[in-house]
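Residue numbers (the UniProt record's numbering): 1 to 419.
For every residue, glycine included, the Cβ atom is placed at its ideal position computed from N, Cα and C.
One structure is given below, encoded as structure tokens.
Structure representation (structure tokens):
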């Protein structure tokens with residue numbers, strides 16, 4: 001082995017996520033070198049070149065040994081759909097919802113997304129960074145190594161770029177890997193009232209090119225819905241993204257079937273998200289394109305929705321299913337990815353295995369990241385160790401954080417950063 005930092009994790013049960021049953025290996029060991037996994041398997045099959053490390057019990061200059069004491073080792077988690085950068089509170093809308101107001105009712109009264117837009121526009125970049133940092137730290141403390149952060153609360157050139165810069169700064173300030181998504185087509189800003197086509201022109205001609213030129217955007221998203229943007233308008237944004245070589249994803253079929261998932265799939269998009277009203281046509285298109293279905297049980301729960309996504313049909317079509325927080329101030333103010341795993345089981349009747357795959361392998365795929373999400377050679381050494389007796393225990397209970405160690409790129413995240 002070439003010189004460099006070697007990490008050996010021993011005495012664990014490894015859930016490698018390499019098959020539908022999580023690829024469990026009992027009495028396992030994991031070896032990483034320079035931030036990349038080199039070997040995973042039963043400890044008694046450890047290659048000769050690493051066997052001298054098994055007897056070591058403390059950190060050396062060139063090797064770190066972690067005794068898992070029987071803990072569960074998994075890939076670090078990925079939260080593949082968040083809106084973490086925002087200002088203001090919508091707690092007042094919570095009371096309205098409790099009295100029967102719908103998502104659409106609140107939006108039509110000038111609340112909803114637009115109330116967050118006003119607060120986010122008024123906040124400075126530094127203030128937004130300070131507001132966002134504890135949200136991102138919360139995810140890190142739950143074992144999340146990769147998070148997607150969308151814009152969409154600026155809805156102007158300067159304010160969308162401001163949100164994206166804050167997201168990039170979060171990735172610089174924390175060990176978290178941050179993927180940014182431009183969601184300028186999230187809602188119609190007041191200055192474009194009754195002119196949605198004009199606003200899409202503005203997004204395509206000004207906001208998107210500027211974000212791309214400044215290296216601030218990893219993917220492009222649209223809210224394709226009756227209270228958002230039409231399929232035709234979504235297509236315009238996607239065409240512009242394709243011309244710039246930027247992958248696309250979509251808020252699709254949350255409140256009605258707009259045939260958005262099929263459109264996204266026609267662009268070989270990364271994912272379609274929400275999907276309560278997803279049609280058979282959309283499922284077939286996603287399966288053919290290899291796109292990921294990102295389910296957001298937090299929004300389903302918080303909005304008290306009743307129509308479930310077509311989970312069995314997605315299974316039958318072998319569409320990969322991811323789970324995410326959808327962390328945002330309006331429809332899912334729930335910055336707790338393990339809770340989403342619980343909701344996926346209790347609300348969506350998913351299995352614990354599906355939930356685990358949904359926050360690791362499939363969530364990473366939803367961000368176009370194929371170097372994370374499994375414990376396998378040549379994958380990044382993003383590894384979490386949990387004080388859990390079994391994988392299903394993560395989905396069974398919540399309230400006590402079982403995370404004991406988190407490695408990102410082979411480096412241990414400090415206890416202070418996880419606090």
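Cα-Cα separation, residue 357 to residue 150: What you label residue 357 is simply residue 357 of the chain shown in a count that begins at 1. What you label residue 150 is simply residue 150 of the chain shown in a count that begins at 1. Between residue 357 and residue 150, the C-alpha separation is close to 22 Å.
Residue 349 burial status per 10 Å Cβ neighbour count (16 or more: buried): Here residue 349 refers to the residue found at position 349 when the chain shown is read from its first residue. With fewer than 16 Cβ atoms within 10 Å of its Cβ, residue 349 is classed as exposed.
Beta carbon of residue 221 nearer than 8 Å to that of residue 250: On the chain shown, position 221 is the one that residue 221 refers to. On the chain shown, position 250 is the one that residue 250 refers to. Judged by their CB atoms, residue 221 and residue 250 are nearer to each other than the 8 Å cut-off.
Whole-Å CB distance - residue 71 paired with residue 339, under 8 Å assumed: One-based indexing of the chain shown puts residue 71 at position 71. One-based indexing of the chain shown puts residue 339 at position 339. About 21 Å separates the beta carbon of residue 71 from that of residue 339, a gap too long to meet the 8 Å contact definition.
Nonlocal neighbours in the same chain, by C-beta distance under 8 Å from residue 344, ignoring five residues either side: By one-based count along the chain shown, residue 344 stands at place 344. The residues are 295, 297, 323, 350, 354, 355, 358 and 395.
Cut-off 6 Å between Cβ atoms - residues of its own chain near residue 363, not counting five sequence neighbours on either side: Taking the chain shown and counting its residues from 1, one reaches residue 363 at position 363. Cβ within range, chain order: 78, 80 and 322.
The region 141–148 / the region 98–107 touching (three or more Cβ pairs under 8 Å): The count of Cβ pairs closer than 8 Å, one atom from the region 141–148 and one from the region 98–107, stays below three, leaving the stretches out of contact.
DSSP three-state assignment for residue 99, whether helix, strand or coil: As a working note, residue 99 is residue 99 in the chain shown. It is coil, neither helix nor strand.
Backbone secondary structure at residue 412 - three-state DSSP: Within the chain shown, residue 412 is the residue found at index 412, counting from 1. Three-state result, residue 412: strand.
Exposure label - residue 48; buried when at least 16 CB within 10 Å: If you number the chain shown from 1, residue 48 lands on position 48. Exposed is the call here.
Counted within 10 angstroms of its Cβ, other Cβ atoms place residue 397 as buried (16 or more) or exposed: Position 397 of the chain shown, counted from the first residue, corresponds to residue 397. The C-beta of residue 397 has fewer than 16 other C-beta atoms within 10 Å across all chains shown, which makes the residue exposed.
Residues near residue 237 in its chain [Cβ-Cβ closer than 7 Å; skip 5 each side]: Reading the chain shown from its first residue, position 237 is the one you call residue 237. Correct list, in chain order: 185, 200, 203, 204, 220 and 222.
Residue 341: first and last residue of the uninterrupted alpha helix (DSSP H) it sits in: Position 341 of the chain shown, counted from the first residue, corresponds to residue 341. Run containing residue 341: 337–346, per the alpha helix (DSSP H) assignment.
Beta-carbon contacts of residue 1 that lie in its chain and below 7 Å, excluding the five residues immediately before and after: As a first step, residue 1 is located in the chain shown; it is residue number 1 there, counting from the start. Only weak support is given to the placement of residue 1: the predicted model assigns it a pLDDT of 47, under 50, and the question is left unresolved by the model.
Identity of the residue in 5, 20 and 7 nearest residue 315 by Cα: Within the chain shown, residue 315 is the residue found at index 315, counting from 1. Sorting 5, 20 and 7 by C-alpha distance to the C-alpha of residue 315 places 20 at the top.
Close-in-space but distant-in-sequence residues of the same chain around residue 59 (CB under 6 Å, 5 per side omitted): Along the chain shown, read from residue 1 onward, the residue named residue 59 stands at position 59. Reliability fails at residue 59, whose pLDDT of 49 lies under 50, so the model's placement of it is uncertain and no value is given.
Inter-residue Cα distance where the pair is residue 241 and residue 6: Stepping through the chain shown from its first residue, residue 241 is reached at position 241. Stepping through the chain shown from its first residue, residue 6 is reached at position 6. One alpha carbon belongs to residue 241, the other to residue 6, and they sit about 41 Å apart.
Local Cβ density within 10 Å of residue 10, reported as buried at 16 or more and exposed below that: Walking along the chain shown from the start, residue 10 turns up at place 10. By the C-beta density criterion, residue 10 is buried, having at least 16 other C-beta atoms within 10 angstroms.
Assigned exposure category for residue 51 - 16 Cβ within 10 Å defines buried: Numbered from 1 along the chain shown, position 51 holds the residue referred to as residue 51. It counts as exposed.
Of the listed residues 278, 262, 206 and 252, nearest to residue 288 (C-alpha basis): In the chain shown, counting from the first residue as 1, residue 288 sits at position 288. It is 262 whose Cα lies nearest to the Cα of residue 288.
Bridge partner(s) assigned by DSSP for residue 219: Residue mapping note: residue 219 aligns to position 219 of the chain shown, counting from 1. Residue 219 pairs with 181.
Segment contact, 8 Å Cβ cut-off, at least three pairs: the region 122–129 with the region 82–90: Here the region 122–129 makes contact with the region 82–90; the two share three or more CB pairs at distances below 8 Å.
Residue 124 in three-state terms, based on DSSP: Looking up residue 124 in the chain shown gives position 124. Coil at residue 124, not helix or strand.
Of the listed residues 312, 22 and 35, nearest to residue 413 (C-alpha basis): For the purposes of this step, residue 413 is taken as residue 413 along the chain shown, with counting starting at 1. When the alpha-carbon of residue 413 is set against those of 312, 22 and 35, the nearest one is in 35.
Secondary structure of residue 33, DSSP reduced to three states: The residue labelled residue 33 in the question sits at position 33 within the chain shown. Judged by DSSP in its simplified three-state form, residue 33 adopts strand.
Cα-Cα separation, residue 90 to residue 376: Numbered from 1 along the chain shown, position 90 holds the residue referred to as residue 90. Numbered from 1 along the chain shown, position 376 holds the residue referred to as residue 376. Cα to Cα, the separation comes out at about 43 Å.
Which of helix, strand or coil DSSP assigns to residue 75: Sequence index remark: in the chain shown, residue 75 carries index 75 (1-based). In the three-state reduction of the DSSP assignment, residue 75 falls in the strand class.
Unbroken beta strand (DSSP E) run spanning residue 426, endpoints: Because the chain spans 1 through 419 in this model, residue 426 falls outside it and cannot be assessed.
Range covered by the beta strand (DSSP E) that runs through residue 250: Taking the chain shown and counting its residues from 1, the one referred to as residue 250 is at position 250. Taken as a continuous stretch (DSSP letters only), the beta strand (DSSP E) holding residue 250 covers 249–252.
Limits of the unbroken beta strand (DSSP E) element including residue 383: For the purposes of this step, residue 383 is taken as residue 383 along the chain shown, with counting starting at 1. Unbroken beta strand (DSSP E) run through residue 383: 383–386.
Residue 176 - containing beta strand (DSSP E), residue span: Translated into positions along the chain shown, residue 176 becomes position 176. For residue 176, there is no enclosing beta strand (DSSP E), since its DSSP letter is neither H nor E.
From 23, 258 and 67, residue whose alpha carbon lies closest to that of residue 232: Against the chain shown, residue 232 aligns to sequence position 232. In this structure, 258 is the residue among 23, 258 and 67 with its C-alpha nearest to the C-alpha of residue 232.
Assigned secondary structure, residue 150 (DSSP; H/G/I helix, E/B strand, else coil): As a working note, residue 150 is residue 150 in the chain shown. Residue 150 falls in the strand class under three-state DSSP.
Where the beta strand (DSSP E) containing residue 272 begins and where it ends: The residue labelled residue 272 in the question sits at position 272 within the chain shown. Its beta strand (DSSP E) spans residues 271–274.
Inside the region 253–327 only - alpha helix (DSSP H) runs reaching at least 4 residues: Fully enclosed alpha helix (DSSP H) runs of no fewer than 4 residues occupy 260–266, 280–289, 297–302 and 311–316 of the region 253–327, in order along the chain.
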